[in-house]
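Student:
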Amino acid sequence: GSIGTQTLDIAAENPDKFRVVALAAGSNVTLLADQVKTFKPQLVAVRNESLVDELEEALADFEYKPEIIPGEEGVVEVARHPDAVSVVTGIVGCAGLKPTVAAIEAGKDIALANKETLIAGGPFVLPLAHKHKVKILPADSEHSAIFQCIQGLPEGALRRIILTASGGAFRDLPVEKLKEVKVADALKHPNWNMGKKITVDSATLFNKGLEVIEAHYLFGAEYDNIEIVIHPQSIIHSMVETQDSSVLAQLGWPDMRL
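Position 55 (the sequence shown) corresponds to 49 in the working numbering; numbering is contiguous.
Dropping the structure here:
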C-alpha cells in the first residue's frame, strides 16, 4: 500500500538505521516479490491466500527465500515478529485492528497509520499499550504534527487542537456540481499522494471526521476542543493552542515520508 511503500523508501535510503524483518501485503504480490528481493525480510504474509503460489513463482529464481504465511494469520505473525522493534501499521480499515493488537501484546512500538484501530478500539487499545509499555507514534501527517507540537508542554497546557484539511479534490467545486463527479475525479487529490480509499475519503471530508475521533483518543482532548480549518496548501500539518493562547504549528512539505 501507499504507507508501506513510502516507509520502505525511507528504509532503503537509511540502511544503517533500519532493517526490514517482515512484510505484509494484501494482493500485490508482484510488488511484494520486488520488495523481498530488495530487503530480504525473514517473513512475508499475503492476506489473499490464493496468491501465495504466484508469489512463490515470482521468487523461484531468487536465491533468498523468506518464510511465507498466508491469510490473516500471516499478517498477525508479521506484526509480532520476534526480531521487530517497531511495526508500521498501514492496513486500511478495521482489518488493521487485530495485527496492531498482536504487535502491542508482543511489546512492539507502533507507528500508527491505521486510524480505524483507535476509532474502533481506542478505549481498549490505549490501555493495552500502556500495560505493555508500548509507544504509539502517529504516522498520519496531522496527528504526527500534533504529537510534535505537544512535546515538552506541561500537563494541562493544551487548550485546543486545530486539525488542518486540504479540502480534497472537490474543495473549489460548487455544491450543485457535486452531483456530477466521478470516482476518477475524487482520486485527483491536489496535494497528497495516498491510497485510493483515503483519497476518496479526503474528497468527501469523511476522513477528517475520523481524524477528529483519532485525535480525541490519542491526545485526550474533548471533542469541543478539536477544530478543523481548511488550509489548501497543506504546509501547516496541524496546530495546537495552549492555555496562554499561544499557537504552535508544525510545517513541512505534503510528503508522507516526512
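Every residue, glycine too, gets a C-beta built ideally from N, C-alpha and C. Keep in mind it's a predicted model, so treat the numbers as computed, not measured.
Would V223 and L131 qualify as a contact pair, given that the criterion is a beta-carbon distance under 9 Å?
Tutor: Not a contact, by the Cβ cut-off of 9 Å.
Student: Who are the Cβ neighbours of I192 in its own chain at under 7 Å, not counting the five residues just before and after it?
Tutor: Counting only Cβ-Cβ distances below 7 Å, and skipping sequence neighbours, we find N201.
Student: Excluding the 5 residues preceding and the 5 following Q237 in the sequence, name in chain order all residues of the same chain whose CB lies nearer than 6 Å to its CB.
Tutor: Excluding sequence neighbours, Q237 sits near A151, R153.
Student: Please list the terminal residues of the continuous beta strand (DSSP E) segment that includes H231.
Tutor: Its beta strand (DSSP E) spans residues 230 to 236.
Student: List the residues that DSSP assigns as beta-bridge partners of P64.
Tutor: Answer by DSSP bridge pairing, in chain order: V40.
Student: When the Cα of A163 is compared with those of V169, L181, P148, which residue comes out closest?
Tutor: Of the listed residues, the one whose Cα sits closest to A163 is L181.
Student: Report yes if the C-beta distance between G101 and H124 is below 9 Å; otherwise report no.
Tutor: Cβ atoms of G101 and H124: not closer than 9 Å.
Student: Rounding to the nearest angstrom, what Cα-Cα distance links F118 and K109 in this structure?
Tutor: Answer to the nearest angstrom: the Cα atoms are 14 Å apart.
Student: Let me know the secondary structure DSSP gives I113 once reduced to three states.
Tutor: In this structure, I113 counts as helix in the three-state DSSP scheme.
Student: What do you reckon, is the C-beta of K202 under 8 Å from a heavy atom of the ligand SAM?
Tutor: Looking at this structure, you won't find the ligand SAM or any other ligand, since it has none at all.
Student: What does the alpha-carbon distance come out to for the pair T94 and E7?
Tutor: Near 26 Å, if we compare the C-alpha coordinates of E7 and T94.
Student: Among all the DSSP beta bridges, which residues are the ones paired with Q286?
Tutor: Within the shown structure, residues of the chain are numbered from -5 to 252, placing residue 286 beyond reach of any answer.
Student: I need the boundaries of the beta strand (DSSP E) containing V82, first residue and last residue.
Tutor: It spans 80 to 83 - the beta strand (DSSP E) in which V82 sits, taken as one unbroken run.
Student: Please state the DSSP three-state secondary structure of E216.
Tutor: If DSSP states are grouped into helix, strand and coil, E216 belongs with coil.
Student: Can you name, in chain order, every residue of its own chain whose Cβ lies under 7 Å from the Cβ of R251, other than the five neighbours on each side?
Tutor: The residues are Q0, D3, I4.
Student: Within the continuous alpha helix (DSSP H) that includes L35, where are the two ends?
Tutor: For the sequence presented, residue 35 should be read as Pro rather than Leu. Taken as a continuous stretch (DSSP letters only), P35 belongs to no alpha helix (DSSP H), as it is neither H nor E.
Student: Can you give me the C-alpha to C-alpha distance between Q36 and G115, rounded to a whole angstrom?
Tutor: Straight-line Cα distance between these residues: approximately 30 Å.
Student: Per the DSSP calculation, V223 is bridged to which residue(s)?
Tutor: According to DSSP, which records beta bridges pairwise, V223 is partnered with T158.
Student: Excluding the five sequence neighbours on either side, which residues of its own chain have a C-beta within less than 7 Å of the C-beta of P60, listed in chain order?
Tutor: Hits under 7 Å: V30, P35, Q36, L37, V38.
Student: Output needed for N219: all residues of its chain with C-beta closer than 6 Å, excluding positions within five of it in sequence on either side, in chain order.
Tutor: Once the five neighbours on either side are set aside, the close Cβ partners of N219 are R154.
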